[in-house]
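Trainee: Keeping their order, the protein sequence lines are chains D and L. Positions 1 to 157 (the working numbering) are the ones given, in order, by the first sequence. Positions 158 to 449 (the working numbering) are the ones given, in order, by the second sequence.
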Amino acid sequence: MSISLHLNGERVDAHVLPRLNLADFLREHLHLTGTHVGCEHGVCGACTVRVNGEIVRSCLMLAVQTHGASVQTIEGLSDSGEIADLQAAFRNRNALQCGYCTPGMLMAAQDLLKREPAPDRERIREHLSGNYCRCTGYQAIIDAVETTAKARKGRSS
Amino acid sequence: MKASAFAYARATSVGNALELLAAHGDKAKVLSGGQSLMPAMNLRLISPEFIVDISELDELRGIALRGNALTIGALTRHVDLLRSPEIAAHAPLLAEAVAHVAHPAIRNRGTLGGSLAHADPASELPACMLALGATIVVRSESGERRIAAVEFFRGIYETALSANELLVAVELPIGQMNSVHFFHEFARRHGDYAIAGLASLAIVEDRLFKDLRLAFFAVADRPVLAKAANRLINVDVTPAVMSGTLVALGEELSPHEDQQASPAMRGHLAKVLLSRCVSALLGRPELQVAAS
């Protein structure tokens, strides 16, 4: 089936099979390998991307369903500089080790920070509860998100 | 794993979706939010030959007050329920329950109709429909059927829906003054499927239950309205009444065993939920002791 979508601000036209999920479309067809594939059934959060401004699991969405949609991946968020401070905070706080969960974590964390300027640690935990990390034990990730929230609040006030 | 191959059609209207379902029968599956269907397909638990994608049908979206009922379109997403002022005002039980469903990225896609049609016995929304006395509206090419929630859920992943029918909306009766609700579930982690849960709606006057609906989930092959609730209506709930009700609940339920919990553990948790519910709704903390 032919689809047309906006990906990270650029128009993409493609032919895909119905069974192809969005994660595999991004990785295999468009070679955007920042979106990671973990569990393939919506549990781990590694494949989190933005569709029409909202985070979704790209393993639980068909590529054909993005026809007419606006999709943003970690490459888009990273290249635009939107999450440069969040990425720096992750690096500074050692909030990643193997890095497999990191793109999904950044997607979910930025989603929260866009909606709530001053989330407490409990809210951060809750919002990231659908993203698994097997390396860090989560504390450093919560620290990095909290630090970014405080720094952004300081800048805007 | 990846889903096996299937043919796909994006429905252009409800009528078109019904035509497709009539043509393909039980070889077809309806794709709504996909948050239960897609995992099942990726794990190859099911391999439908034909997918009818209804996710673009705006006519199935939205929440509207009509007379004494709140009509919720089947494609209304979990996140829409969470943010809706109508739901907060008229069905706060639903808003509270949705916060326990999975995680933000799932709630951004998952739909009310999809959850009900999927009918996982451990999921929150089917039990809420029982507690709220909902009517499930389904449509086929031959017309519309309105099914009471208690009649709709028939077993694990089984409902009263035929293969040629589409769940189009849910109607919740409203206007019951001073109704109060309780929702709680036990899960390994926030967002996981419940080990045992309770959604309850009650009318309390002069510290007495005038009405009480106790919808337990994850303790049977479908959500169940506990008959034990009748023991608490229009009576002074003494500790003796409470312990008699807990015994009756234990006799009424026959929970299943799975990797998460034994039948005895589920039975115990159901009693804990009931005692917390009654003590919270009546504002009587001393009644909670009766469960232990």
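Glycine residues also receive a C-beta, built at the ideal position from the N, C-alpha and C atoms.
1) So does the region 393-409 of chain L actually touch the region 294-312 of chain L, counting three or more Cβ pairs closer than 8 Å?
2) I'd like to check one pair, histidine 341 of chain L with arginine 264 of chain L: are the Cβ atoms closer than 8 Å?
3) Could you give the uninterrupted runs of the beta strand (DSSP E) lying entirely in the region 185-246 of chain L, keeping only those of 3 residues or more?
4) Going by beta-carbon coordinates alone, are isoleucine 313 of chain L and aspartate 378 of chain L separated by less than 8 Å?
5) Is it buried or exposed, threonine 395 of chain L, if we count other Cβ atoms within 10 angstroms and call 16 or more buried?
6) Going by DSSP, what residues sit across from glutamine 72 of chain D in a beta bridge?
7) Under 8 Å, Cβ to Cβ, is there at least one residue of chain L near glycine 76 of chain D?
8) Between methionine 286 of chain L and the rest of its own chain, which residues show a CB-CB distance below 6 Å, the 5 nearest in sequence each way excluded?
9) Span of the beta strand (DSSP E) holding phenylalanine 364 of chain L?
10) Mind checking which residues open and close the beta strand (DSSP E) that includes aspartate 349 of chain L?
11) Assign aspartate 143 of chain D to buried or exposed, taking buried as 16 or more other Cβ atoms, counted over all protein chains shown, within 10 Å of its Cβ.
12) Give me the residue from L/Asn321, L/Ala248, L/Arg345 with the minimum Cα distance to glycine 332 of chain L.
13) Does the distance from the C-beta atom of serine 450 of chain L to that of threonine 268 of chain L stay below 8 Å?
14) Please work out which residues of its chain come closer than 8 Å, Cβ to Cβ, to valine 258 of chain L, disregarding the five sequence neighbours upstream and downstream, and give them in chain order.
15) Looking only at DSSP bridge pairs, what is glycine 407 of chain L linked to?
16) Suppose you measure from the CA of leucine 324 of chain L to the CA of threonine 136 of chain D; what does that come to, to the nearest Å?
17) What residues from chain D crowd round asparagine 173 of chain L, counting only those whose CB sits closer than 8 Å?
18) To the nearest angstrom, report how far apart lysine 384 of chain L and arginine 121 of chain D are at their CA atoms.
19) Excluding the 5 residues flanking phenylalanine 343 of chain L on each side, which residues of the same chain have their C-beta closer than 6 Å to its C-beta?
20) What is the DSSP secondary structure of arginine 433 of chain L, reduced to helix, strand or coil?
21) Express the C-alpha separation of leucine 369 of chain L and leucine 178 of chain L in angstroms, rounding to a whole number.
22) Is there at least one non-hydrogen atom of the ligand GTP closer than 7 Å to the beta-carbon of serine 189 of chain L?
23) Which residues of chain D have a Cβ atom closer than 7 Å to the Cβ of leucine 178 of chain L, listed in chain order?
24) Assuming asparagine 335 of chain L and leucine 365 of chain L are in contact, meaning their beta carbons sit under 8 Å apart, how far apart are those beta carbons, in whole angstroms?
25) Apart from the five residues just before and just after serine 449 of chain L, which ones in its own chain have a Cβ nearer than 7 Å to its Cβ?
26) Say whether chain D places a C-beta atom closer than 8 Å to the C-beta of histidine 280 of chain L.
27) Only counting the same chain, and skipping five residues up and downstream in sequence, which positions put a Cβ closer than 7 Å to that of threonine 35 of chain D?
28) What separation, rounded to the nearest whole angstrom, lies between the Cα atoms of glycine 130 of chain D and serine 80 of chain D?
Mentor: Per the coordinate set shown:
1) no
2) no
3) 185-188, 207-210, 220-223, 226-230
4) yes
5) exposed
6) D/Arg50
7) no
8) Ala306
9) A small correction: the amino acid at residue 364 of chain L is arginine; phenylalanine does not occupy that position in the sequence shown. Careful: arginine 364 of chain L lies outside any beta strand (DSSP E) and carries neither H nor E.
10) Run containing aspartate 349 of chain L: none; DSSP gives neither H nor E here.
11) buried
12) L/Ala248
13) Only positions 158 to 449 of chain L appear in this structure, which leaves residue 450 of chain L out of reach.
14) His235, Arg264, Gly267, Ser272, Ser280, Glu281, Leu282, Gly348
15) The partner list for glycine 407 of chain L (beta bridge, DSSP) is empty, contrary to what the question assumes.
16) 43 Å
17) Going along chain D, no residue has its Cβ under 8 Å from asparagine 173 of chain L, so there is no contact; the nearest lies around 16 Å.
18) 41 Å
19) Ile352, Ala353, Leu426
20) helix
21) 39 Å
22) For the ligand GTP, the structure offers nothing, since it holds no ligand at all.
23) Simply none; closest approach about 17 Å.
24) Asparagine 335 of chain L to leucine 365 of chain L, Cβ: 12 Å. No contact.
25) Reliability of the predicted coordinates at serine 449 of chain L is poor, the pLDDT of 49 falling under 50, and no value is obtained from them.
26) For the sequence presented, residue 280 of chain L should be read as serine rather than histidine. No, no contact with chain D.
27) Ala23, Leu26, Arg27, Cys47, Val49, Ser58, Thr73, Ile74, Pro103
28) 25 Å
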